[in-house]
Amino acid sequence: FPWACLRLWQPVLGLGALLTGPMLVFEGAAEVRLEGGSWRCAGRVEVKQQGQWGTVCGGYFWDMNDTAVVCKQLGCGSALQAHKEAHFGSGSGPIWMAGVECDGTESALSECTNTEWIREYCDHRWDAGVTCSGKRPAHSLPLWPGWGKGPGCTLREQRRGTGAADSASAHLLGLKRSGCRRAWGQCQAAQGLQDGTSLNECFLRLGVWETRQPPRAVLMPEEQQEGFVQLVGGDSPCSGRVEIRDGDQWKTICDSDFGPKAATMVCRELQCGTALSVAGAAHFGEGDGPIWDRELQCVGNESFLASCPRGSPRDKSCSHTKDAGVTCTRFRLVNGSTACEGRVEVQVLGTWGKLCASHWDLLDAHVLCRHLDCGFAESIPRPGHFGRATHPFWRDSFHCDGTEGHLGQCPVTALGALCSQENDAAVICSGESDSASLRLVGGGSPCDGRVEIFQNGAWGRVLDDQWDVQEASVVCRQLRCGEAGTAYNPPKPERGTGPVGLRGVRCAGHEANLALCNTSLPESAPAAGVAEDVGVVCWGSRQVRLVNGSGRCAGRVEVYHQGSWGTICDDGWDLLDATVICHQLGCGGAVEVVGSAQFGEGSGQIWLDGVNCSGAEDSLWDCPAGSWGQHDCGHKEDAGVICSEFMALRLENSNNCSGRLQVFYNGTWGSVCSNSMTPKTVLLACKELGCGDEGSLDTQRPSGRTSGPTWLDHVQCGERNSSFWQCPSGPWDPQSCDDLQDETHITCNGNSELPGHQHLPNSCSLSLPSPDREKIRAVGGEDGCSGRVEVWHRGSWGTVCDDSWDMRDAEVACRQLGCGPAVSALHEAAFGMGTGPIWLEQVECRGTEPSLQDCWARPGDSGACRHKEDAAVNCSDPTRGRPTSSRRVSLPIIICIVLGALLCLLLALLAGQLRSARAGRRGGSFPCGTGGRCLPARPGML
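Using mature numbering (1 follows the signal peptide of the UniProt record, and there is no 0), the letters of the sequence shown map in sequence onto residues -16 to -1, 1 to 926.
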């Protein structure tokens, strides 16, 4: 939502007018919590209403007054920062409050005004967050969620060789001494471990590490730890202005008192990896509190930042214009010949590990190279190119669009990832920024936007008054972005405001980089026109995405071309076209083609029509198609696709928010096995389903063999996971477990309007591609309204399995057949066994759908069904059935029959009259008088 629009409306309507719409009213003070932060007083704001946790919309209205109320309500001191755009990650579930306006005096957030109508313009990209000043524990890892309360126990990273205890050999006796007995006892009881088992073995069982090589650590009682440093004002918890705790105050530090070694210690202390850059001159904004008056004289091998030597109090004063800042990174490149190439490693919970390369692509690599100040990604080497390592590996898959500031801003998944030790991610970047480096900013990809050049240690604008495709070609070539598509001057809102790095560029078009072009025009030289910012759109900027689905691998197909997103017409759209899209997005194969804007109508351009892929192309634009922008379609014909790696959750056989947990993958619903299931896994599943923020694993489960796929096992969500899809697990396997007792059944503490189905778009009901949608028949009965149910798909008739076949399903089949209401839903091939494929199984209709293809179902290719289980129906009112060709009667024949019947009736009446007349002539020539006397007839009597 363009929040700037509200800023424009405010002078016209007045803020009061904006707040006169309907408001969400809370009864009493609504409960508030902070999620996604590194401690209890920083995070995404969530409010509990109607028994369910939901978020607060940030946007234009969220400010320090609102933040102050949240901090006050949570007992977290004063407000330090208001975050507006999902700074701590996007939440899930409802958005309970929007347009919040506090004056700062309220005791609870629910006492502030909030505007109901603004909520419809919000999504979780705008979730509000806060950072408060309250007492902050050291950044450390609780042994087990909720068990560290009371006499707590935390794990702290410790350098080797410092004499600290190795947690790999920490036993119960050591834990007693460390004040960790309670946590260890509960961990031990839950995992069935013996006293002699190490604490890290317990952690390993809980899924924190994926290797038996945990870091060395020292156990410390929690009451001895207190946060000594925090970063404020950055775009993540690992970047910002450095603030040091001194007593009960947070103080900034002067940039002259803060060096690279101190920055390294800060990043290590916060478990944020290594220091990427140190910034001075209040790069992250000026603080407003006291300033620390000492220098941090760290050597770099200290255990904690608080252990660093400190200089004597400074004689000269320092102002907030010199506040120091630092940017840390959890990513590094190792084993390369330069700092800008190598194997990708990521630090998680203080441990460096390799990154799985299963979904690693150039867009992800672009983001990492830019984050490390290494230019752009030139190539992705094969796994093992930079040597092998024995580090643990992280299965996280990043799904970047190339414009993010760092990988932490990209969507992440890990569920079901299959990764070997040899399949490690790597990248070769173009190199550190120098006087010839270029970048494009403000575009929708790394290959379009306004041009900037790096000179004199800073990025500067490029201005020109005759910018054309020759100069643009040099820029695109230098950035490895293909040919130039467009050279343009950005509109005023998109122009830069910083220093000018280059002015008056003249290229021949063949130069290797822009610095080799003629740039000799002095600033004072007269020009033919006004020099303005310049921009380019390279052919390498083209992208594809799926939108309006409930995941990145399903939705309406949109293409980024010439700097704007547009749709594709569904004329000729088929499974081969969809296959190319899915492969290009790293979403596996295509399981369903969707047309007729089933994922909603797009807007703007319709870029392509008549796409005709063979299925082997690397990208959509390698396929034959009409010219870009040429079409005869409307947005009601926008094409969509569902790929095999589209995932969703549901609770099958659910009673509201309780039932068997199933995941949708590869076009099929399958169960989740319960081995190694943690409480955090259940919690995140409930949140994903919109069923509250707590849940329990049901222990009473049936026994016997499973039917259908069991997709996942060993799902082990930990504290670092904020989404069910980020949790490590075993690989996707349709036979992950084979006993019903191993399937996961959970009960959540909330309510869901559509339990089990709300996360699938309408098209995920396995709707068959048009024109096959309405092809259904009843076979083997006396008429077209009873018999074995068969549907037409992929050029042949096939049957429907009777698993879960009931009256609601039969009702839909009867309606689609054009018959009356269903009389019975029949099983076990009641009208004989069919032949050919079994197209559908486990059909689950609500009874109101227009056709079976609009119901929830699974493809019938799992092998679980045989034709002896073919489903059948018996519908009422057979005269309304769909007659076969041998019994079809045309309207002319009906008219003839009616006219023939009328003619026969007329002939019958005439025949009766004739018979009466003939009878009179034979017996009545001479009328008889009374007494039997007959007289001759008089003339004229007859």
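The C-beta atom is built at its ideal place from N, Cα and C for all residues, glycine as well.
Determine the direct distance from the alpha carbon of residue j to that of residue i, and round the result to whole angstroms.
{"i": "glycine 535", "j": "valine 283", "result": "47 Å"}
{"i": "cysteine 657", "j": "proline 663", "result": "14 Å"}
{"i": "leucine 667", "j": "aspartate 87", "result": "35 Å"}
{"i": "cysteine 839", "j": "histidine 350", "result": "42 Å"}
{"i": "leucine 559", "j": "tyrosine 544", "result": "21 Å"}
{"i": "tryptophan 336", "j": "tryptophan 378", "result": "9 Å"}
{"i": "tryptophan 110", "j": "glycine 400", "result": "29 Å"}
{"i": "histidine 369", "j": "arginine 327", "result": "8 Å"}
{"i": "alanine 855", "j": "arginine 792", "result": "13 Å"}
{"i": "glutamate 828", "j": "leucine 633", "result": "16 Å"}
{"i": "threonine 868", "j": "tryptophan 653", "result": "Any reading at threonine 868 needs caution, since the residue's pLDDT is 34, under 50, leaving its predicted position unreliable; the model's value is listed next. Whole-angstrom Cα-Cα distance: 36 Å."}
{"i": "residue 956", "j": "glycine 618", "result": "Outside the shown range of the chain (-16 to 926) lies residue 956, about which nothing can therefore be said."}
{"i": "glycine 83", "j": "glutamate 104", "result": "11 Å"}
{"i": "glycine 271", "j": "threonine 39", "result": "28 Å"}
{"i": "proline 715", "j": "threonine 728", "result": "17 Å"}
{"i": "phenylalanine 10", "j": "valine 114", "result": "Low local confidence applies: a pLDDT of 43 at phenylalanine 10 is under 50, so the model's placement there is unreliable, with the coordinate-based value given in what follows. Distance between the alpha carbons of phenylalanine 10 and valine 114 is about 21 Å."}
{"i": "cysteine 701", "j": "threonine 397", "result": "12 Å"}
{"i": "glutamate 629", "j": "glycine 444", "result": "42 Å"}
{"i": "glycine 433", "j": "glycine 519", "result": "5 Å"}
{"i": "proline 129", "j": "glycine 676", "result": "Caution applies to proline 129, whose pLDDT of 30 falls short of 50 and renders its modelled position unreliable; the value that the coordinates give is listed next. Rounded to whole angstroms, proline 129 to glycine 676 spans 17 Å at the Cα level."}
{"i": "arginine 761", "j": "arginine 314", "result": "60 Å"}
{"i": "proline 78", "j": "threonine 99", "result": "15 Å"}
{"i": "glycine 674", "j": "threonine 51", "result": "26 Å"}
Does residue i come within less than 8 Å of chain B when only Cβ atoms are used?
{"i": "leucine 824", "result": "Of the chains in the structure shown, none is chain B; there is only one protein chain."}
The beta strand (DSSP E) spanning residue i covers which residue range?
{"i": "cysteine 312", "result": "309 to 313"}
{"i": "residue 979", "result": "With the chain represented from -16 up to 926, any question about residue 979 goes unanswered, as that position is not in the structure."}
{"i": "aspartate 561", "result": "No beta strand (DSSP E) contains aspartate 561, which is instead part of the alpha helix (DSSP H) from 559 to 568."}
{"i": "serine 720", "result": "Unbroken run through serine 720: none, as it is neither H nor E."}
{"i": "glutamate 329", "result": "325 to 332"}
{"i": "leucine 339", "result": "335 to 339"}
{"i": "histidine 304", "result": "First-last for histidine 304: undefined, no H or E at that position."}
{"i": "residue 931", "result": "Given a span of -16 to 926 for the chain in the structure shown, any question on residue 931 remains unanswerable."}
Of the residues the options, which one's Cα is nearest the Cα of residue i?
{"i": "threonine 683", "options": "Gly573, Asp726, Gly264, Thr258", "result": "Asp726"}
{"i": "glutamate 576", "options": "Ser900, Glu585, Asp561", "result": "Asp561"}
{"i": "glycine 264", "options": "Arg225, Ser223, Thr236, Ala308", "result": "Ala308"}
{"i": "leucine 424", "options": "Lys671, Gly441, Val521", "result": "Val521"}
{"i": "arginine 526", "options": "Val216, Asp385, Gln897, Val647", "result": "Asp385"}
{"i": "aspartate 239", "options": "Ala266, Gly217, Gly231, Cys358", "result": "Ala266"}
{"i": "alanine 373", "options": "Val435, Thr387, Val318", "result": "Val318"}
{"i": "aspartate 107", "options": "Arg490, Ser76, Ser94", "result": "Ser76"}
{"i": "phenylalanine 438", "options": "Asp717, Glu774, Asp357, Ala398", "result": "Asp357"}
{"i": "lysine 476", "options": "Asn502, Trp276, Asp517", "result": "Asp517"}
{"i": "alanine 410", "options": "Gly441, Val332, Pro367", "result": "Pro367"}
Taking 6 Å as the limit between beta carbons, can you name the residues of its chain near residue i, skipping five residues before and five after?
{"i": "leucine 824", "result": "Val784, Ala841, Gly844"}
{"i": "histidine 343", "result": "Ser381, Gly570"}
{"i": "threonine 311", "result": "Ser223, Leu260, Ser261"}
{"i": "tryptophan 549", "result": "Glu542"}
{"i": "glycine 831", "result": "Arg792, Glu795"}
With a threshold of 7 Å, establish whether the CB of residue i neighbours any heavy atom of the ligand NAD.
{"i": "lysine 759", "result": "As presented, the structure is devoid of all ligands, the ligand NAD included, so that no description of it is given."}
Near residue i, what residues of its chain come up, given a Cβ to Cβ distance below 7 Å and the 5 sequence neighbours on each side ignored?
{"i": "glycine 20", "result": "Gly27, Arg28, Phe72, Gly73, Ser706"}
{"i": "aspartate 219", "result": "Gly389"}
{"i": "lysine 32", "result": "Ala14, Glu15"}
{"i": "glutamate 585", "result": "His619, Lys620, Asp622"}
{"i": "valine 330", "result": "Arg314, Phe315, Gly337, Leu339, Trp378"}
Determine the extent of the alpha helix (DSSP H) in which residue i is found, giving its start and end residues.
{"i": "alanine 246", "result": "244 to 253"}
{"i": "alanine 632", "result": "Premise fails: alanine 632 lies in the beta strand (DSSP E), 632 to 636, not in any alpha helix (DSSP H)."}
{"i": "threonine 665", "result": "663 to 672"}
{"i": "serine 457", "result": "453 to 462"}
{"i": "aspartate 348", "result": "346 to 355"}
{"i": "residue 972", "result": "The structure shown does not extend to residue 972, since the chain is modelled only from -16 through 926, so no value can be given for it."}
Grab me the residues of residue i's own chain with a C-beta within less than 8 Å of its C-beta, minus the 5 sequence neighbours each way, in chain order.
{"i": "asparagine 659", "result": "Asp697, His698, Cys721, Asp726"}
{"i": "histidine 811", "result": "Asp786, Trp789, Glu853, Ala855, Ala856"}
{"i": "glycine 572", "result": "Cys537, Cys566, Cys627, Ser628, Glu629, Asn650"}
Any beta strand (DSSP E) of 3 or more consecutive residues that is wholly inside the region 54 to 130: With a minimum length of 3 residues, the continuous beta strand (DSSP E) runs that stay inside the region 54 to 130 are 63 to 67, 79 to 81, 113 to 116.
Whole beta strand (DSSP E) elements within the region 588 to 614, 3-residue minimum: Counting only runs of 3 or more, we get 590 to 592.
3 or more residues per run - each beta strand (DSSP E) lying fully within the region 805 to 845: 806 to 810, 822 to 828, 840 to 843
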